[in-house]
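J.: Here's a structure for you.
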Amino acid sequence: MSGQSQVPAFNAWGVWAIYRFEMARALRTLWQSVATPVITTVLYFVVFGAAIGGRMGEVDSVSYGAFIVPGLIMMTLFMQSIFNASFGIYFPKFTGTIYELLSAPVSYLEILLAYVGAAATKSIVLGLIILVTASFFVPLQILHPVWMVAFLVLTAVTFSLFGFIIGIWAESFEHLQFIPMLIITPLTFLGGAFYSIDMLPPFWRTVTLFNPVVYLISGFRWSFFETSDVGIMASLIATLGFFFACLAVVWWMFKTGYKLKS
Amino acid sequence: MPPVLSISGLSKTYQGGFQALTDVDLEIEKGEIFALLGPNGAGKTTLISIVCGIVTATAGKVTVDGHDIQRDYRVARSKIGLVPQELTTDAFETVWDTVSFSRGLFGKAPDPAHIEATLKSLSLWDKRKEKIMNLSGGMKRRVLIAKALSHEPEILFLDEPSAGVDVDLRRDMWAQVRALRESGVTIILTTHYIEEAEEMADRIGVISQGKLVLAEQKETLMQRLGGKELTLQLQDPLSEIPAELGEWNLTLGDDGYALIYTFDANEERTGIPSLLRRISDLGIGFKDLNTRQRSLEEIFVSLVRNGA
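So the sequences go chain by chain: G and U.
Using the numbering used here, the first residue of the first sequence is number 1, and each one after it goes up by one.
Using the numbering used here, the first residue of the second sequence is number 1001, and each one after it goes up by one.
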């Protein structure tokens, strides 16, 4: 048997195997994967859209119910991307099946592509489901659909990369929850998901500008309503900056075998 | 024919400072069954893990069929199948899915006929739709073997394949291993069961405290280090070995009723006739005598003890 000719430069079957495996896990837990974020979103609409939103009037000429939609989608996108990617790589470490991944002829780039691709796919699908769900509650318009898709995909991929980093770093299930709950959730709530930062006093508006989530939500909201807290290019640069920072960390982790190889 | 696996100067020191392997050199020929014996913590699993890409070596070089495991890792790894020591399997996947996953992971296009043949050869066909979590430990071990064989490897590593396995499965596995060797697959196994090595291996390596003490053909090893034992069953027990028998280096056994003499059967003079004459001169009566070859287990124990 001659192995050389049978081993292509890109292990497409390997990438597909991991991707399918990860997607199959989501399908096995379809109820949890889809129903939970949808119900949560509906509850947000009931609380913020109907109960509070009725007293809020419009924000930047957009009804409050519609205004919070991009923020809600982004919030789901952050959490689901991180959860899916971190769980995807942490679970084989936990069960010990990581040995198969490490001994297979797959490059680090291919591993990343498969895990991050699957995590991003799942969160993008969820984001779109929430978008459809929201359209039943509030009239929605998407003025820049190409930008909307670009921000959706870029954010899902970036936070999936971030989740992948957490999954490699984590040594317990508590670690998996630690960063999403203690860092991402507060930053999202303080990042303009439910309000425009123009509504804040000047001092807190300045402080908020140091929150990277502001740029992500603002850019995404701009693609819907053409209103934003910061310029669209600033949003794009911030998102790309986070993306490349995550890539650099992943590259270092693979290069050193950090918490993967002894 | 060049070796299918070549290891030279391989060393591994873990972060905590523990030196698991020290300057190991080893060559494995294509199509042989090589058994690596060693006590717990000797470095067997570390050696396998380095070859398979799971652990990074501190120093040394490993080639698989001429391909460097680091520079040319894709080709090298595609030739290897690994059955790990621990029963590390997915829980919620079905047998069919997890074996198909392994084939894809190793870069092979789907081949349901091959997966079917593999599952049937391991008596897993009836369980193909079962979730792995519902299988017994023995069945999980078979699943791990099926996963390792799913991509048609040229070298199969079996790390303690008999650990926690019942007698039937062990016999089945031995038959499977022999069949694989017949098809040209090289088998490298680590084991605690000396009888497994004695039964299966063409060549045996002994590793102790991270050093490869020896690697030899099984028959040569048995012949060279095996020696033979002459046991004399005495009529009356001895409390100690008489000084007049000192030159034979005898031992007493069976509460003084057995006098044991270890000798090299390949030597021209074994020392047996003179020993029997001296015993007769001393008036020590014996009612029976027999000789036997030293087992691999005794050789292994003495090697590890001396190497330690």
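Virtual Cβ for every residue (Gly too), placed ideally from N, Cα, C.
It should be emphasised that the depicted structure is a prediction, and the values quoted were computed from it without experimental measurement.
For the alpha helix (DSSP H) that G:R205 lies in, which residues bound it at each end?
T.: Start and end: 202–208.
J.: Counting only C-beta atoms, is U:A1308 closer than 8 Å to chain G at any point?
T.: Residue confidence is low: U:A1308 scores 44 on pLDDT, short of 50, so the model does not pin down where it sits. Its coordinate-derived value is still stated next. No - not a single Cβ of chain G is within 8 Å of the one on U:A1308.
J.: Considering just the uninterrupted stretch of the alpha helix (DSSP H) at G:F91, what are its terminal residues?
T.: Note, G:F91: alpha helix (DSSP H), 64–95.
J.: Contact criterion: CB-CB distance below 8 Å. Does U:G1137 meet it with respect to chain G?
T.: Not one chain G Cβ lies under 8 Å of U:G1137.
J.: Helix, strand or coil: how does DSSP classify G:L143 here?
T.: Residue state, collapsed to three classes: coil.
J.: With a threshold of 16 other CB atoms inside 10 Å of the CB of G:I39, please say whether the residue is buried or exposed.
T.: Exposed: under 16 other Cβ atoms inside 10 Å.
J.: Using a Cβ-Cβ cut-off of less than 9 Å, list which residues of the region 1192–1215 of chain U approach chain G; keep chain order.
T.: Within the region 1192–1215 of chain U, no residue has a Cβ that lies closer than 9 Å to any Cβ of chain G.
J.: How is the beta strand (DSSP E) around U:K1012 delimited, first residue to last?
T.: Looking at the DSSP string, the run of the beta strand (DSSP E) that includes U:K1012 is 1005–1013.
J.: Roughly how far, in whole angstroms, is the beta-carbon of G:Y19 from the beta-carbon of G:A118, given that I think they are within contact range, below 8 Å?
T.: Indeed, because the Cβ distance is near 5 Å, the residues count as touching under 8 Å.
J.: At the 8 Å Cβ level, is G:F244 part of the contact set with chain U, yes or no?
T.: For G:F244, the answer is no, since every Cβ of chain U falls outside 8 Å of its Cβ.
J.: Please report how far the alpha carbon of U:A1091 lies from the alpha carbon of U:L1252, in whole angstroms.
T.: If you take the alpha carbons of U:A1091 and U:L1252, they lie about 55 Å apart.
J.: Using the Cβ count rule (16 or more neighbours within 10 Å means buried), how would you classify U:Q1235?
T.: Per the 10 Å Cβ criterion, exposed.
J.: Leaving aside the five residues before and after G:F194 along the sequence, list all residues of the same chain whose C-beta is less than 8 Å from its C-beta, in chain order.
T.: Excluding sequence neighbours, G:F194 sits near F48, I68, G71.
J.: Check U:N1249 in the structure and name its three-state DSSP category.
T.: Of the three classes helix, strand and coil, the one that applies to U:N1249 here is coil, per DSSP.
J.: Please report the straight-line C-alpha distance between U:R1178 and U:L1232, rounded to a whole angstrom.
T.: When rounded, the distance between both Cα atoms is 40 Å.
J.: Give the list of continuous alpha helix (DSSP H) stretches no shorter than 4 residues that lie fully inside the region 1100–1146 of chain U.
T.: Complete alpha helix (DSSP H) runs here, min 4: 1112–1121.
J.: Within the same chain, show all residues whose beta-carbon is closer than 6 Å to that of U:G1164, passing over the 5 residues directly before and after it, in chain order.
T.: Excluding positions up to five away in sequence, the list reads G1137.
J.: Classify G:Q32 as helix, strand or coil using the three-state DSSP reduction.
T.: Of the three classes helix, strand and coil, the one that applies to G:Q32 here is helix, per DSSP.
J.: Using a cut-off of 9 Å between C-beta atoms, extract the partners of G:I18 located in chain U.
T.: Under the 9 Å cutoff, chain U gives F1101, G1104, L1105.
J.: Run through DSSP, which three-state label would U:R984 get?
T.: Given a span of 1001 to 1308 for chain U in the structure shown, any question on residue 984 of chain U remains unanswerable.
J.: Go ahead and pull the three-state DSSP assignment for U:T1043.
T.: The question names Thr, yet the displayed sequence has Gly at residue 1043 of chain U. DSSP places U:G1043 in coil when its eight states are reduced to three.
J.: Can you name, in chain order, every residue of its own chain whose Cβ lies under 6 Å from the Cβ of G:M1, other than the five neighbours on each side?
T.: Residue confidence is low: G:M1 scores 41 on pLDDT, short of 50, so the model does not pin down where it sits. Its coordinate-derived value is still stated next. Same-chain partners within the cutoff: there are none.
J.: Which residues does DSSP list as the beta-bridge partners of U:D1281?
T.: Per DSSP, none; premise fails for U:D1281.
J.: Could you work out which residue in U:I1033, U:L1005, U:F1101 is closest to U:D1025 when comparing CA atoms only?
T.: Closest option to U:D1025, Cα to Cα, is U:L1005.
J.: So, at 8 Å on beta carbons, what are the nonlocal neighbours of G:L240 in its own chain, with the 5 sequence-adjacent residues on each side left out?
T.: These residues qualify, in order along the chain: L154.
J.: Interface residues of chain G around U:L1082 at Cβ under 9 Å?
T.: Neighbours of U:L1082 on chain G, chain order: Y99, E100, S103.
J.: Quick one: does G:W13 have its CB under 8 Å from some CB of chain U?
T.: So, interface residue.
J.: Opposite G:Y195 in the DSSP bridges: which residues?
T.: In the DSSP output, where bridge partners are listed per residue, G:Y195 has none listed.
J.: Bridge partners for U:N1290 per DSSP, in chain order?
T.: Answer is U:T1231, bridged to U:N1290.
J.: Check G:S172 in the structure and name its three-state DSSP category.
T.: If DSSP states are grouped into helix, strand and coil, G:S172 belongs with coil.
J.: Using a Cβ cut-off of 7 Å, pull out every chain G residue sitting near U:G1043, in sequence order please.
T.: Residues of chain G passing the Cβ test: none, with the nearest at roughly 13 Å.
J.: What residue range is occupied by the uninterrupted alpha helix (DSSP H) comprising G:T256?
T.: 232–256 is the extent of the alpha helix (DSSP H) around G:T256.
J.: Does the region 1048–1061 of chain U touch the region 1244–1262 of chain U, meaning 3 or more C-beta pairs lie closer than 8 Å?
T.: Taking 8 Å as the limit for Cβ pairs, the verdict is that the region 1048–1061 of chain U does not touch the region 1244–1262 of chain U.
J.: Give me, in chain order, the residues of the same chain whose beta-carbon lies closer than 7 Å to that of G:P37; leave out the 5 immediate sequence neighbours on both sides.
T.: Around G:P37: T76, Q80, L126, I130.
J.: DSSP state of G:R284, grouped into three classes?
T.: The question about residue 284 of chain G has no answer here: the residues shown for chain G are numbered 1 through 262.
J.: Who are the Cβ neighbours of G:M148 in its own chain at under 8 Å, not counting the five residues just before and after it?
T.: Answer for G:M148: I142, F220, S223, F224, listed in chain order.
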